[in-house]
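Numbering (my numbering), first residue to last: 512 to 1284.
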């Protein structure tokens, strides 16, 4: 999420809260589907993700939210976007613990995320074609990586069935491979890495042999539909602001222009993070949704856009703007959710002149200070999780997987340092079963697919209406003279009729905050501030002790961040108190109170937003709308009358048919229309006759080639290609894949029995669920 630069930092925070309510998730970064619906777990923030339908898994670069530890709402956003708000005296937003991104696996329809062996900071992840492995790009962050021989960028391969990993390649800081996108080649033998500055590397999985591709582009990806050695590369032209799309042949080291993308916003078109689907559709991030002066000054808002590689159009998938004013989307790392392309026994074979310029890039990664640098990042996470468990600000089932993985990795580096936290875990295990499970997992060395006991779903708590702010509190806020202050204070004392008045009001302010009554919580905070500064010694209303003052001021501060800065909280005859002034007064008073102690012993109320569905089975973005799916008829012109008779029988049976003479639109590109009709067709019926066998050159051959390609992406049990013999002839002996030829398919013989053949064809292409004849 981006906020307009014209608003203040606290207004930006308020806008973020409104966006969190709009999309139902508090994280600054979430993974969303094509409809903008969050898929991220409630306790985490995700930078990017990948999925493999065959493996039934998501792999996600994520980190826990600061709010998961019991810290105030907005802490994660402040730490990421406005860290200076966490540095002033009295701020309720701590800078610790700093949480680094790690790789998590999550099975479809599961709410149990599984962290794998930790790294320093995970930047990207990709599944192998068979779903048995993932490749992870790690960035090392310590000073050691800048010393001679230091390695900053690492590629790891995790064997999902073994719970183990191995180093694929390592690169020094001088290679400048920041924020990389990675993908496996269609045969799984190479990993392609594309960096933020356009460096493209091809790394062989077996030995870490790396080849630099001979161009710079931030949008490059394999395109297996065009061939196993084919890639799509998009090159920016700063002078014209356009982008040229190229087909790049790895085997020949040659590129061919394909189409040109023009900017529709007046900004220079820049594209990043290309993803190509098995059926040759492209996604990029690009400033196609630029809106407003602020976004133009930034170079545009980068949102996911779909590119038509044939006609060069580029359209955003989601609007650039949220419904919330002053907020824009910012996308990165789009991914398709399709199963990977099937390539059989074909192999990626880069050109010899590319391979001669490569080298093995698998240098040792542990410099003299590398282990200590990792400990500096992992041990604080162990401490933060253990402290939150011990003090009750986080359930002991939350982040149990993370504690186990960090502890095992720390044990491998410094057993003594890890033992300190394991000893504390033992103390917790004497009282609770969940820490005992964690301790057992660490002792057994369970690296993968460890999970705590499944927990039943927690129903959203019913938040009762906390009631209005007492009228006497309003009068205390508006009192101008000492006599008015004393009278309002005495009235408040008599109304509540308890010596623990301020504890009672502190509890009510927490309930108001949880109920989203931000004005009410802010008014109670202002009431406490006014009484502290103007307390009447003669009044029976007591002074406010430290604990309820912390509660009232912290809740008042948090409530004011949810409100527009000019929202009126209270007023006197001579003075107006808006949300901005009350927020600042609360901050000044918090600077004099033991805030850190309060945050570690009291869990902050966390608003119940719409719970996102996590790790759901992906629903791939559909093909471009072409109307109802039809049966595509491929035929020779000489057989048009016979094909028309067959089409009439199919239509009488309620089956829609696509024939070029009837369905091509006027002035349309007929080749593109035919390709789309084949791709989107419910079935492909190939009509063979002696006319086809006698023809040396016919467009029916192009249709057959495309249909055979489409067969690679259809389910194994879907008999999509239906050969038909109109008259006695030889069927073409064309390869479908390494093990099957077109002549192996059983054809429908119209030459032998027309009535029986019609019945067989109708049965073969009848829509699912239709009645039998």
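Glycine residues also receive a C-beta, built at the ideal position from the N, C-alpha and C atoms.
| query | result |
| --- | --- |
| DSSP state of residue 949 mapped onto helix, strand, coil | helix |
| For residue 797, the nearest candidate out of 809, 789 and 873 (CA to CA) | 809 |
| Limits of the beta strand (DSSP E) - the one that residue 694 falls within | 692-695 |
| Sequence-distant residues of the same chain with beta carbon closer than 6 Å to residue 706, five excluded per side | 688 and 691 |
| Residue range of the unbroken alpha helix (DSSP H) whose run includes residue 914 | 911-924 |
| Per-residue burial, residue 1060 [other beta carbons within 10 Å of its own, 16 or more giving buried] | buried |
| Helix, strand or coil at residue 930 according to DSSP, with G and I counted as helix | helix |
| Residue 622 in three-state terms, based on DSSP | coil |
| Distance, residue 1020 Cα to residue 845 Cα | 42 Å |
| Length of the line joining the Cα atoms of residue 1272 and residue 853 | 28 Å |
| Through-space distance from residue 825 to residue 1217, alpha-carbon basis | 24 Å |
| Buried or exposed (CB count within 10 angstroms, at least 16 for buried), residue 1005 | exposed |
| Of the listed residues 758, 749 and 739, nearest to residue 731 (C-alpha basis) | 758 |
| Endpoints, beta strand (DSSP E) assigned at residue 1001 | No beta strand (DSSP E) holds residue 1001; the alpha helix (DSSP H) holding it covers 993-1007. |
| Residue environment, residue 1010, which counts as buried when at least 16 other CB atoms sit within 10 Å | exposed |
| Cβ-Cβ distance between residue 533 and residue 835 below 7 Å | yes |
| Run of the alpha helix (DSSP H) containing residue 1032, from where it starts to where it stops | 1029-1045 |
| Secondary structure, beta strand (DSSP E): runs of 3+ residues fully inside the segment 592-660 | 613-618, 633-638 and 644-650 |
| Cα-Cα separation, residue 833 to residue 541 | 14 Å |
| At least 3 beta-carbon pairs within less than 8 Å: the segment 731-746 vs the segment 856-868 | yes |
| Euclidean distance between Cα positions of residue 884 and residue 710 | 27 Å |
| Backbone secondary structure at residue 705 - three-state DSSP | strand |
| Three-state secondary structure (DSSP) of residue 516 | coil |
| Residue nearest to residue 660 in terms of C-alpha spacing, selected from 1192, 681 and 1206 | 681 |
| From 1276, 1039, 663 and 724, residue whose alpha carbon lies closest to that of residue 869 | 724 |
| Sequence-distant residues of its chain with Cβ nearer than 8 Å to residue 649 (five each side left out) | 630, 631, 632, 633, 634, 664, 665, 666 and 667 |
| Paired residues, beta bridge with residue 1286 - DSSP | No statement about residue 1286 is possible, as the shown extent of the chain runs from 512 to 1284 and does not include it. |
| Residue 1191 classed as buried or exposed, judged by whether at least 16 other C-beta atoms fall within 10 angstroms | buried |
| Alpha-carbon to alpha-carbon, residue 863 and residue 1203 | 41 Å |
| Residue range of the unbroken beta strand (DSSP E) whose run includes residue 989 | Where residue 989 is concerned, there is no enclosing beta strand (DSSP E), although the alpha helix (DSSP H) it sits in stretches over 982-989. |
| Selected residue, minimal CA-CA separation from residue 679, among 565, 818, 872 and 546 | 872 |
| Buried or exposed (CB count within 10 angstroms, at least 16 for buried), residue 1267 | exposed |
| Residues of its chain near residue 1245, where Cβ-Cβ distance is below 6 Å and the 5 sequence neighbours each way are ignored | 1253 |
| Secondary structure, alpha helix (DSSP H): runs of 4+ residues fully inside the segment 1060-1104 | 1090-1101 |
| Local conformation of residue 1277 per DSSP, three classes | coil |
| Cβ-based burial, residue 1084 [other Cβ within 10 Å; buried from 16] | exposed |
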